[in-house]
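Numbering (the numbering used here), first residue to last: -9 to 464.
Using N, Cα and C, we set each Cβ at its ideal position, and we do this for glycine too.
As structure tokens, this is what we get:
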């Protein structure tokens, strides 16, 4: 039977981070919002559920936050869940390289000099000459304005680094890993603009910290957002949108899969791959969305009968011949029962190379890589496992993509929200959260109720800020 008629002030298609962040802000501004979601639960690409065999809550894949995520942290504060994030402040991260545990730390000196404290730890892995080959690209990046960086969008990351004189060996050791970990695609396939924007932030902050949720992602933000939205509106799962409707030259609502219609301004808060089916084939937004490709990943979860590490998080340099890049012992972050063993979650990023591997093969390979970090894993008994194959982590930041990221307000009555919108940020949870806030601003502005809700992207400090000012970026 058709869904009963609704009369919301706004309809949001998609209950991921962007859609829920947008809808929660609009609800807090007094609007009645309907959120429709095709799947059976809110959360989108950042959700969690109960693992049947163990009863533990696990995420679709382990996610990490940065303390520079201003919009995400503001959302968690409003939801009352900000304390449910474990911030790794004593060190930035541990990297397993050729059998050595390299502990990277930040702070102590103004940015970018704060990295100097790691020099004694890095030199056994990387000769000084290779490190110094990054000086020209660092100097150029610190002097670059955002527009300068965006102008690099048509070049791939590896070619740009080589053009700047970076050692090929250092590209393979560091930049290949940074591109996979932060952009989710190889350095030779990523936009130089996307990569250098990240580098600018790395050079400009000496107080970066990673955060790992202490609870499942759905409990961290999704269900708390739903409670706010449903104070005046509704979140409907298993309720797919079929198409956007236009009348009198503007988007006027949506048709649902059951044939019913909802008349209200529309926020499309879905991944770019889900946009074209909602629009006429000739619509320019449909053509633009088709240019965004997904980066897939695989997450493995392994339950052990005993504790095998005391580390919340570690990584290893990326190699196409290896499997996982980042590892999380959630038993060191989340509350556990006394005597419980380790629960290790991992990510195989840009996972095309393992498409033909069985779940068992992936678990065997992952167990071997965990044992290379902690010998205790080889003596522990594996109690349970899970393998999640996720079609999209984020869109691929390929050359040319940064310059075509769409605006929030596409046309009257039609708004976009998602990590792929032009937020001034990489594709990530913070970009999705900021996109939701920008969409809420745009909806309110069209209703004649302008408000500033989105917080700006972080501005690099230290020497980077000084050099940019001298370059005229005031």
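Just so you know, the alpha carbons of residue 97 and residue 107 end up roughly 9 Å apart. Apart from sequence neighbours up to five positions away, the residues of its chain that approach residue 453 with a beta-carbon distance below 7 Å are 100, 101, 102, 132, ordered along the chain. The residue from 63, 105, 407, 116 with its alpha-carbon nearest to that of residue 265 is 407. The continuous alpha helix (DSSP H) containing residue 147 extends over residues 147 to 153.
The Cβ atoms of residue 92 and residue 115 sit closer than 8 Å to each other.
Residue 385 has 284 as its beta-bridge partners, per DSSP.
Under the 8 Å Cβ criterion, the region 440 to 451 does not count as touching the region 279 to 297, having fewer than three qualifying pairs. Per DSSP, residue 224 is one residue of the beta strand (DSSP E) stretching across 224 to 226. Residue 56 holds the alpha-carbon nearest to the alpha-carbon of residue 197 among 222, 366, 50, 56. When secondary structure is reduced to three states using DSSP, residue 115 falls in the coil class, being assigned neither helix nor strand. When rounded, the separation of the alpha-carbon atoms in residue 47 and residue 364 is 24 Å. The criterion of a C-beta distance shorter than 8 Å is satisfied by residue 71 and residue 211. Counted as a single uninterrupted DSSP element, the beta strand (DSSP E) harbouring residue 336 occupies residues 333 to 339. Residue 260 and residue 413 have their C-alpha atoms some 15 Å from each other. If the five residues before and after residue 150 are omitted, its C-beta is found closer than 7 Å to the C-beta atoms of 142, 182, all from its own chain and listed in chain order. In summary, residue 125 is exposed, with fewer than 16 beta-carbon neighbours lying within 10 Å of its beta-carbon over all protein chains present. Just measuring C-alpha positions, the residue of 11, 45, 27 sitting nearest residue 69 is 11.
Per DSSP, the continuous beta strand (DSSP E) segment holding residue 256 begins and ends at 256 to 258. When DSSP states are grouped into helix, strand and coil, residue 291 belongs to the strand group. Around the beta-carbon of residue 393, fewer than 16 other beta-carbon atoms lie within 10 Å, marking it exposed. By DSSP's assignment, residue 39 forms a beta bridge with 48. The beta carbon of residue 426 lies closer than 6 Å to those of 8, 11, 12, 407 in the same chain, with the five residues before and after it left out. Nearest to residue 18 by alpha-carbon distance, out of 166, 221, 346, is 221.
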